[in-house]
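Residue numbers (the working numbering), protein chains in the order written: chain A, 11 to 323; chain B, 82 to 372.
Shown next as structure tokens:
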């Protein structure tokens, strides 16, 4: 088990190296002078020259890359062009809304989607199956901003139950914090719920045909335990892995959802940075999000070994 | 004469297929309607979609302006009709380009085993960057134009096609007829084109439909964020971006294009699902999910 964890940990390294090469090369091989791009639109020729010296642009590409990667490894993502703050400081100041939104979405989606997928498979062809499978197809097709505005229209503008937009930090009280989080969470959850429901249903359908399920039923095991312990426990792996893979969708959805609800999080920061052509910030966020995605999938893979004792690497 | 004799049979078998796969019919009808809308836009009661009428801002729907006007008095119906072109062009181009590039890289990876490791590591790396963010990075570097948007959306879709192609190639490689061809000394390019390509086309075409729908969604998202298709080109995402500040007064500016994006994506996805059932009945049965 320890050997498996170690080996899986090592396999993360090439992925992270490739991600950083892509982000690095995009700037160096893109149009224009990287020093001019990194120094910003209002930079003087002296500032551009200083940036060129700082980046070591006279060195060979591999040397530049190692220099740059070493900086990142030390937690230095460079400075923002527009505010001149370190990118890490900027990111830290925008972390809370994004973290709250992402965690609320993951928890809510799993709580809704797993039982829904189990019930849909259990009562295959019934109204609940039609609802879950049809809903999943719709959930995939709905753009997050359309869902978001639809929810705002119903719950904020017409019923006036919830605020239209904005974010309140947890330090200003739980209730205001939660009220502002409800609609964004519902918005971002749509596609994630669709994904998890569909995979749970499909893998449950397969497991429910297995002999051990029939045996469990035959010996008079309560259906609830058959479903949630025997069957769901055995279909946990595809469900877990889709939760991990779905993180990429979730992180992409964060950008759109935060924009709809004026959340001052990392997604908004990304859009602001792109509009201002603040490339170091865009670069930093992409490296951070990709790192999070890779690490979560690492955690998912390691948890397989816990969920399924048959897996020994 | 033979055409007259065979056509009723062809017609009847088409009807049978469509009756067995209602999703196929739904998808085809919606996509055909969208194509007609895009191609015939100039003749469908439209005016210049970029013409600004300062005194006709945010008008409700009327006989002259079927869907009303936007924040600068442009005709919403005309903008939506012309905007369908962007969605369809982006969807079709991204699907076609990523299909071709993905097929080539995937086949090389599956056949030339020496390159397999490095190609797959690169694909893992690309897939580790969330699709929208990778697209945003490309747009932020190269500036927004329709070409950049298409390239930016294609890039993250390529690894999915590569992985699929590679996995099918690896399965096909074990088949007796491929081993026979190898043992007869068939050159690798011919092996790929004649023996392997025909077998992997069906699943890859199904994948292409899902790529197209993802591309339509991402283009709309990028444009909605104001970092996609240039704002002077009417596109569904741009119409929604424009409508954001007027949502309380004129929700139709977001709801109508939003509904059309959702409908198109839904139709393409359902078409893909039905194609998968149609082209690969084994897969549909094994998943036990024929909808």
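Just so you know, even glycine gets a beta-carbon here, dropped at the ideal spot from N, CA and C.
Beta-carbon separation (whole angstroms), residue i vs residue j, contact threshold 8 Å
i	j	result
residue 333 (chain B)	residue 164 (chain B)	Going by Cβ atoms, the distance from residue 333 (chain B) to residue 164 (chain B) rounds to 14 Å, so no, they are not a contact pair.
residue 262 (chain A)	residue 213 (chain B)	4 Å
residue 217 (chain B)	residue 29 (chain A)	That pair is no contact at about 15 Å.
residue 120 (chain A)	residue 253 (chain A)	7 Å
residue 263 (chain B)	residue 251 (chain B)	Contact flag wrong, Cβ pair sits at about 14 Å.
residue 197 (chain A)	residue 131 (chain A)	Contact flag wrong, Cβ pair sits at about 27 Å.
residue 219 (chain B)	residue 314 (chain B)	With 8 Å as the limit, residue 219 (chain B) and residue 314 (chain B) do not qualify as a contact, their Cβ atoms being about 18 Å apart.
residue 343 (chain B)	residue 152 (chain A)	5 Å
residue 167 (chain A)	residue 329 (chain B)	6 Å
residue 36 (chain A)	residue 222 (chain B)	6 Å
residue 234 (chain B)	residue 181 (chain B)	Not quite, the Cβ-Cβ distance comes to about 15 Å (not below 8 Å), so this is no contact.
residue 276 (chain A)	residue 264 (chain A)	7 Å
residue 169 (chain B)	residue 352 (chain B)	Not really, about 14 Å apart at Cβ, beyond 8 Å.
Limits of the unbroken alpha helix (DSSP H) element including residue i
i	result
residue 195 (chain B)	194–208
residue 74 (chain A)	71–83
residue 106 (chain A)	105–132
residue 96 (chain A)	Premise fails: residue 96 (chain A) is in no alpha helix (DSSP H) and is neither H nor E.
residue 228 (chain B)	227–254
residue 113 (chain B)	103–120
residue 258 (chain B)	257–264
residue 177 (chain A)	Unbroken run through residue 177 (chain A): none, as it is neither H nor E.
residue 206 (chain A)	184–218
residue 317 (chain B)	317–324
residue 268 (chain A)	246–270
residue 86 (chain A)	Looking at the DSSP string, residue 86 (chain A) is not in any alpha helix (DSSP H), and its letter there is neither H nor E.
residue 358 (chain B)	333–360
residue 28 (chain A)	12–39
residue 218 (chain B)	212–223
residue 278 (chain A)	276–285
residue 57 (chain A)	55–65
residue 159 (chain A)	154–161
residue 145 (chain A)	137–151
Residue i Cβ short of 7 Å to the ligand GTP heavy atom set
i	result
residue 172 (chain A)	Ligands in the displayed structure: none, and consequently the ligand GTP is not present.
Assigned exposure category for residue i - 16 Cβ within 10 Å defines buried
i	result
residue 182 (chain A)	exposed
residue 185 (chain A)	exposed
residue 260 (chain B)	exposed
residue 20 (chain A)	exposed
residue 326 (chain B)	exposed
residue 94 (chain B)	exposed
residue 196 (chain B)	exposed
residue 8 (chain A)	The first residue shown for chain A is 11 and the last is 323, placing residue 8 (chain A) beyond what the model contains.
residue 68 (chain A)	exposed
residue 117 (chain B)	exposed
residue 306 (chain A)	buried
residue 247 (chain B)	buried
residue 357 (chain B)	buried
residue 83 (chain A)	exposed
residue 256 (chain B)	exposed
Chain-order list of residues whose beta-carbon lies under 6 Å from that of residue i (same chain, five-residue window excluded)
i	result
residue 208 (chain B)	240
residue 141 (chain B)	149
residue 63 (chain B)	As shown, chain B starts at 82 and ends at 372. That puts residue 63 (chain B) outside it, with no answer to give.
residue 160 (chain B)	130, 315, 320
residue 174 (chain A)	162, 166
residue 276 (chain B)	259, 262
Spatial neighbours of residue i in its chain, beta-carbon cut-off 7 Å, leaving aside the 5 residues before and after
i	result
residue 132 (chain B)	155
residue 311 (chain A)	18
residue 123 (chain A)	203, 206, 207, 210
residue 99 (chain B)	105, 106
residue 258 (chain A)	303
Cut-off 8 Å between Cβ atoms - residues of its own chain near residue i, not counting five sequence neighbours on either side
i	result
residue 126 (chain B)	147, 158
residue 189 (chain B)	196, 200
residue 308 (chain B)	217, 220, 221, 225
residue 128 (chain B)	156, 159
residue 216 (chain A)	245
(message) Give me the subset of the stretch 256–286 of chain A whose CB atoms are less than 7 Å from a CB atom of chain B, sorted by chain position.
(response) 258, 261, 262, 265, 266, 269, 280, 281, 284, 285
(request) Check each residue of the stretch 156–190 of chain A: if its Cβ is closer than 8 Å to any Cβ of chain B, include it; give the result in chain order. (result) 156, 159, 160, 162, 163, 167
(request) Could you please tell me which residues of the stretch 180–214 of chain B, in chain order, have their CB closer than 8 Å to any CB of chain A? (result) 202, 203, 205, 206, 207, 208, 209, 210, 211, 212, 213, 214
(message) Short of 9 Å Cβ to Cβ, which residues in the stretch 109–125 of chain A face chain B?
(response) none
(request) Quick one: which residues of the stretch 217–235 of chain A get their C-beta closer than 7 Å to a C-beta of chain D? List them in chain order. (result) Given the protein chain composition of this structure (A and B), no chain D is represented.
(request) Please list the residues of the stretch 270–299 of chain B that have a C-beta atom closer than 7 Å to any C-beta atom in chain A, keeping them in chain order. (result) 298
(request) Can you give me, in chain order, the residues of the stretch 23–37 of chain A that have a beta carbon less than 9 Å from any beta carbon in chain B? (result) 24, 25, 26, 27, 28, 29, 30, 31, 32, 33, 36, 37
(message) Which residues of the stretch 303–316 of chain B have a Cβ closer than 7 Å to any Cβ of chain A? Give them in chain order.
(response) 305, 306, 307, 308
(request) With 8 Å as the C-beta to C-beta threshold (strictly closer), list the residues of the stretch 78–104 of chain A near chain B in chain order. (result) none
(request) Using a Cβ-Cβ cut-off of less than 8 Å, give me the residues of the stretch 295–306 of chain A that come near chain B, in sequence order. (result) 295, 296, 299, 300, 303, 304
(message) So if I threshold CB-CB distances at 9 Å, which residues from the stretch 347–361 of chain B count as touching chain A?
(response) 347, 348, 349, 350, 351, 354
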